[in-house]
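Below is one structure; the comments refer to it alone.
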Amino acid sequence: MRAVVISEPGDPGVLVWQELPDPRPARGEVVIDVVASAVNRADVLQRRGHYPPPPGASELPGLECSGVIVEVGENVEGFRTGDQVCALLAGGGYAERVAVPWQQVMPVPAGVSLIEAAALPEVACTVWSNVFMAARLRKGETLLVHGGASGIGTLAVQLAKAYGSHVLVTAGTAEKVRRCLDLGADEAVNYREEDFAERFAGRADVILDIIGAKYLPRNLDALAIGGRLVVIGLQGGAMGELDLGRLLARRATIIATGLRARSVDEKGVICRGVVDNVWPLVGAGAIRPVVHAAVPLAEAADAHRMLEAGEHIGKILLVR
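Everything in the sequence shown is counted per our numbering, starting at 607 for the first residue and increasing by one.
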């Protein structure tokens with residue numbers, strides 16, 4: 607097979623298209639002939655040398671894919687060769703084939719193409735596990751999504767609205783604000799022009815945060831009494847100062863989570879939750895993958911440059 611290899615830590619130019627041995631399925635794994643993958647912020651961090659794959663995972667970048675199962679190992683349940691699927695990966699998606707535990711494989715939801723399905727696994731699993739499983743967002747509550755025009759943000763807006771929540775977002779341009787509102791957000795703030803903490807003070811029952819330290823004090827301002835702050839990214843730094851008195855006054859909770867390093871069984875629980883609770887909404891048209899661009903897999907460097915430019919809305923796909 608051919609795959610995108612990180613030759614050394616560095617800029618997008620270190621992504622090299624080369625031949626590698628085909629993967630074989632271990633016990634409990636299937637091999638997927640990849641039709642499409644997608645670019646995530648974690649891939650950029652890995653390329654720069656800051657986010658190595660967990661022990662035992664593929665060294666290749668790529669945290670999700672869609673395609674067709676071509677081999678099935680022993681002790682695999684519910685899948686067979688020829689099935690059209692998408693999958694949550696710990697690595698290896700930037701390749702023509704990938705081996706993945708069957709628990710992390712999901713059928714392609716109704717209403718989307720096999721290529722479009724590559725835009726869903728990472729964001730759907732991230733939003734479902736954090737907003738609904740960890741933070742327990744309930745109907746009628748208010749969700750604040752930072753980076754509402756990102757891949758995660760566009761899915762979070764749609765899923766929360768489908769579950770009957772009031773949705774607030776931050777975004778960095780007027781066009782991104784408009785797109786978030788089009789997707790169903792109730793209110794949106796251009797964070798370059800307005801302070802979200804003042805606009806949304808004391809209103810957010812749940813905050814989905816990709817920024818981290820830079821937003822910590824203002825996130826507390828935005829939280830409602832009993833609010834839950836879920837930190838899933840550190841784009842604004844890892845070290846911040848926390849006023850515990852204000853946290854106590856809010857009776858608030860801070861949750862910090864990751865997805866990539868979780869066990870296969872944990873990821874399996876999340877994937878089953880997505881299939882049961884998110885896929886029906888995709889099939890009904892309440893949720894649609896938002897795809898900014900589709901770039902040839904061999905030109906992954908260009909896709910990374912596009913992501914780092916920060917002008918995209920939704921997902922950037924890599925296609926065969």
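Using N, Cα and C, we set each Cβ at its ideal position, and we do this for glycine too.
Which word fits residue i, buried or exposed, when buried means at least 16 other C-beta atoms lie within 10 angstroms of its C-beta?
i: Met712; result: buried
i: Glu728; result: buried
i: Thr732; result: buried
i: Leu854; result: exposed
i: Ala915; result: exposed
i: Ala696; result: buried
i: Arg834; result: buried
i: Ala780; result: exposed
i: Leu850; result: exposed
i: Pro629; result: buried
i: His656; result: exposed
i: Arg653; result: buried
i: Gly619; result: exposed
i: Lys745; result: exposed
i: Thr687; result: exposed
i: Glu917; result: exposed
Looking at C-alpha atoms only, which residue of the options is the closest neighbour of residue i?
i: Arg798; options: Leu621, Gly778, Leu903, Glu702; result: Gly778
i: Ile612; options: Arg633, Pro660, Gly668; result: Gly668
i: Ser869; options: Val706, His898, Val763, Ala892; result: Val706
i: Ser672; options: Leu835, Ser719, Ala762; result: Ser719
i: Met845; options: Thr863, Gly864, Ala819, Leu853; result: Ala819
i: Ala890; options: Ser664, Gly717, Arg647; result: Gly717
i: Glu847; options: Ile838, Glu800, Val773, Pro823; result: Pro823
i: Ala632; options: Leu787, Val678, Asp882; result: Val678
i: Leu666; options: Pro902, His752, Val622, Val884; result: Val622
i: Val773; options: Val888, Leu743, Val901; result: Leu743
i: Ala648; options: Ala867, Glu625, Arg809; result: Ala867
i: Leu923; options: Glu625, Tyr700, Gly688; result: Tyr700
i: Gly577; options: Asp882, Thr687, Val704, Arg894; result: The requested residue 577 does not occur in the structure, where the chain is confined to residues 607 to 926.
Determine the contact status of residue i and residue j, defining contact as a CB-CB distance below 9 Å.
i: Ala828; j: Leu749; result: no
i: Gly757; j: Ala724; result: no
i: Arg926; j: Glu722; result: no
i: Ala693; j: Gly920; result: no
i: Val737; j: Val836; result: yes
i: Gly684; j: Ala609; result: no
i: Trp734; j: Gly879; result: yes
i: Arg805; j: Gly832; result: no
i: Leu787; j: Val896; result: no
i: Val636; j: Val691; result: yes
i: Val640; j: Leu903; result: yes
i: Gly808; j: Tyr821; result: no
Am I right that residue i and residue j are in contact with their C-beta atoms under 8 Å? What's the rounded C-beta distance?
i: Gln764; j: Cys877; result: Not a contact, Cβ separation roughly 19 Å.
i: Ala740; j: Ile861; result: 5 Å
i: Ile813; j: Asn825; result: 5 Å
i: His910; j: Val714; result: The pair is not a contact, with the Cβ atoms about 26 Å apart (cut-off 8 Å).
i: Ala830; j: Asp811; result: 5 Å
i: Val645; j: Leu913; result: 5 Å
Do residue i and the ligand HEM come close, with the Cβ less than 8 Å from some heavy atom?
i: Asp617; result: Questions concerning the ligand HEM fall outside what the structure shown contains, since it holds no ligand whatsoever.
Would you give the residue range spanned by the beta strand (DSSP E) that residue i belongs to?
i: Pro715; result: Note, Pro715: premise wrong, no beta strand (DSSP E); not H, not E.
i: His910; result: Looking at the DSSP string, His910 is not in any beta strand (DSSP E); the run it does join, the alpha helix (DSSP H), is 906-915.
i: Gln624; result: 621-625
i: Ile922; result: 921-925
i: Asp815; result: 810-815
Check for me: the alpha helix (DSSP H) holding residue i runs from which residue to which?
i: Pro823; result: 822-828
i: Glu728; result: 727-733
i: Asn796; result: Here Asn796 belongs to no alpha helix (DSSP H); instead the beta strand (DSSP E) covers 793-796.
i: Thr760; result: 757-768
i: Asp871; result: 870-883
i: Gln652; result: 647-654
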